[in-house]
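In the numbering used here, the protein residues as written are 1 to 606.
From the three backbone atoms N, C-alpha and C, an ideal C-beta is built for every residue, glycine too.
Notes for the one structure printed next.
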């Protein structure tokens with residue numbers, strides 16, 4: 001490939017270099033970028049000096065790489081005289097005259113010997129650019145190549161550490177990398193959990209560049225600490241039973257990305273995830289270069305969902321918030337038809353506040369003038385704040401009440417009407433079902449006439465929510481529950497005590513390190529005969545040994561003789577099940593998703 005490039009006619013090479021520079025000078029990413037990282041061309045490489053001069057004339061910050069051992073860093077260069085011969089005879093910045101670029105949203109023009117349309121690249125084999133991109137995922141890469149350097153996919157040898165390029169510019173064409181479904185999901189899933197701007201800011205900017213698809217949709221918006229996913233599932237199934245084409249957006253998924261976005265009982269197709277996700281990736285590149293904004297995984301999912309629901313022309317979108325409400329990515333929508341606030345508890349206190357009043361205030365951020373609100377009955381402090389916001393914004397609201405009675409084993413009475421028993425087990429699901437009933441009635445009053453009491457009842461009975469008090473084995477009894485904070489664990493403990501009075505259980509617990517796992521263990525201890533610690537698959541996970549130590553101390557302080565242990569390998573989990581007791585696995589939804597898939601597969605093979 002070096003020989004091919006070196007043997008190009010010099011006049012032709014200069015002409016092609018000029019064409020590449022001209023095309024890039026008009027490229028939207030180049031125009032949006034504040035910081036552009038160049039390279040000093042060596043030998044027969046594409047000459048990008050004319051583009052550097054154009055960038056300087058436009059007032060952009062320009063930088064060049066300098067090698068330090070196995071790493072490469074970029075330093076701002078304002079004059080060619082600030083470059084000196086460095087590693088491998090390449091011109092590098094003089095550190096005495098240049099400052100290192102520490103910005104995240106930078107455009108990196110990347111040389112090489114060979115490229116292909118899937119973004120694979122081969123340089124001189126030392127991996128400097130690959131290592132740089134691996135440690136700077138927010139950088140936007142453009143490969144710079146003559147058309148003669150483009151090869152068919154599959155020819156370039158690829159190693160695990162190679163970082164594919166997002167874009168390539170030749171003298172003939174602009175190439176954007178095409179993703180396979182698995183590659184795209186991995187790319188999105190690898191994004192940071194919290195962005196450098198609040199979610200609502202990221203969503204607003206991204207959706208604006210995508211044409212604001214959310215403005216064409218109608219919503220039910222759901223926020224809360226616990227139960228919002230269950231309320232969404234109840235309401236979505238009610239719509240399915242009524243023949244209403246409703247989109248559902250939830251998070252997180254248990255074991256498959258497409259769970260997050262569905263219409264009726266059908267998840268978003270893989271090809272739609274790839275097509276729409278690629279569009280959102282490009283928008284993220286524009287925002288990173290122009291505004292230093294980088295989307296989180298949740299922001300990506302939200303944008304993909306809005307594009308998909310708009311394309312599919314759904315009648316209604318049931319939208320679950322991620323965290324909080326006021327600054328959540330989902331709160332970019334206008335006033336929803338109905339807003340639902342589920343049970344509120346202390347969570348994410350470093351972001352939402354350290355009191356129930358503050359957290360309730362954040363959740364109430366989804367309550368906009370013009371909406372109709374359903375408030376699930378709360379503790380006095382939270383309820384007072386939610387009703388204050390409703391009064392302040394002149395929002396009509398309904399406050400849920402307890403179910404008055406169960407007429408028989410299969411039905412219950414609420415506000416004078418009979419409904420079928422909730423399809424989801426768990427005492428707390430009664431409250432969530434009632435919140436969905438209120439929301440459905442409100443929608444009916446707003447024109448969704450198909451939401452009859454009969455269809456509402458059918459939806460409550462048929463609703464399913466994986467990983468929420470879900471019985472996955474019968475012999476022995478194994479139940480999964482995604483209770484991952486004290487409020488959720490309290491609900492789980494109450495449900496178990498009511499369903500199986502006087503019984504002791506064998507618990508398996510795995511949580512994130514940022515959760516209040518001490519209180520969670522204290523809440524479950526009175527019902528436990530054994531507790532085993534597990535480690536979820538996440539960088540944020542609390543290690544099982546550390547959790548076991550904490551639980552051992554808690555049990556000792558409580559005077560409990562509960563047996564405390566560790567499951568080091570989830571594949572061996574069944575051998576820890578107590579054949580004579582009910583085995584309850586709870587904690588992180590990452591853990592529940594992993595174990596649900598594993599246990600269902602084991603059940604098939606038993």
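Asked: Distance, Cα to Cα, residue 54 vs residue 25?; Found: 7 Å
Asked: Does the pairing of the region 249-261 with the region 354-373 give three or more beta-carbon distances under 8 Å?; Found: no
Asked: From residue 485 to residue 602, what does the alpha carbon distance come to, in whole angstroms?; Found: 28 Å
Asked: Suppose you measure from the CA of residue 594 to the CA of residue 149; what does that come to, to the nearest Å?; Found: 44 Å
Asked: Confirm, please, whether the CB-CB distance from residue 435 to residue 185 is below 7 Å.; Found: no
Asked: Looking at the unbroken beta strand (DSSP E) that takes in residue 246, where does it start and where does it end?; Found: 246-249
Asked: Sort 287, 524 and 201 by Cα distance to residue 28 and report the nearest one.; Found: 287
Asked: Indicate whether residue 479 and residue 600 have their beta-carbon atoms separated by less than 7 Å.; Found: no
Asked: Give the C-beta separation of residue 67 and residue 98 to the nearest angstrom, bearing in mind that I take them to be a contact with Cβ-Cβ under 8 Å.; Found: Actually they do not touch by this definition, with Cβ atoms about 14 Å apart.
Asked: Tell me the DSSP secondary structure of residue 545 in three-state form.; Found: helix
Asked: Can you give the Cα-Cα distance for residue 283 and residue 522, rounded to whole angstroms?; Found: 46 Å
Asked: Does the distance from the CB of residue 76 to the CB of residue 101 come in under 7 Å?; Found: yes
Asked: Given that a residue counts as buried once 16 or more other Cβ atoms are within 10 Å of its Cβ, and exposed if not, what is residue 234?; Found: buried
Asked: Could you check whether residue 308 and residue 268 sit closer than 7 Å to each other, using their CB atoms as the reference points?; Found: yes
Asked: If the criterion is Cβ atoms closer than 7 Å, does the pair residue 397 and residue 364 meet it?; Found: no
Asked: Exposed or buried, what is residue 295 when buried is set at 16 or more other beta-carbons lying within 10 Å of its beta-carbon?; Found: buried
Asked: Check whether the Cβ atoms of residue 224 and residue 393 lie closer than 7 Å to each other.; Found: no
Asked: Report the residue from 570, 526 and 524 whose alpha carbon sits nearest the alpha carbon of residue 544.; Found: 570
Asked: Figure out for me which residue from 459, 512, 582 and 558 has the closest Cα to the Cα of residue 526.; Found: 558
Asked: Taking the alpha carbon of residue 402 as the reference point, which residue from 376, 180 and 384 has its own alpha carbon closest?; Found: 376
Asked: Indicate the three-state DSSP secondary structure (helix, strand or coil) for residue 163 in the structure shown.; Found: coil
Asked: Using the rule of at least 16 other Cβ atoms within 10 Å of the residue's Cβ for burial, across every protein chain shown, is residue 89 buried or exposed?; Found: exposed
Asked: Would you say the region 213-222 touches the region 326-344, given that touching needs at least three Cβ pairs under 8 Å?; Found: yes
Asked: Does residue 464 pass the burial test, meaning 16 or more other C-beta atoms within 10 Å, or should it be called exposed?; Found: exposed
Asked: Roughly how many angstroms separate the alpha carbons of residue 443 and residue 578, rounded to a whole number?; Found: 46 Å
Asked: Considering just the uninterrupted stretch of the beta strand (DSSP E) at residue 418, what are its terminal residues?; Found: 417-420
Asked: Beta-carbon within less than 8 Å of residue 176's beta-carbon, same chain only, minus the 5 sequence neighbours each way: which residues are those?; Found: 166, 167, 278 and 282
Asked: How should residue 310 be labelled, buried or exposed, when 16 other C-beta atoms within 10 angstroms of its C-beta is the threshold for buried?; Found: buried
Asked: In this structure, does DSSP put residue 377 in helix, strand or coil?; Found: coil
Asked: Straight-line CA distance for residue 183 to residue 135?; Found: 18 Å
Asked: List, from N- to C-terminal side, the beta strand (DSSP E) runs of 3 residues or more that fit wholly inside the region 305-349.; Found: 316-320 and 338-341
Asked: Per DSSP, what kind of secondary structure is residue 469 in: helix, strand or coil?; Found: coil
Asked: In three-state DSSP terms, what is residue 197?; Found: coil
Asked: Quick test of your reading: residue 207 and residue 297, contact by CB under 8 Å. State the CB separation rounded to the nearest angstrom.; Found: Wrong, their Cβ atoms sit about 16 Å apart, outside the cutoff.
Asked: So who's on the other strand from residue 372, going by DSSP bridges?; Found: 338 and 396
Asked: How far does the alpha helix (DSSP H) with residue 239 in it extend, from its first residue to its last?; Found: 228-241
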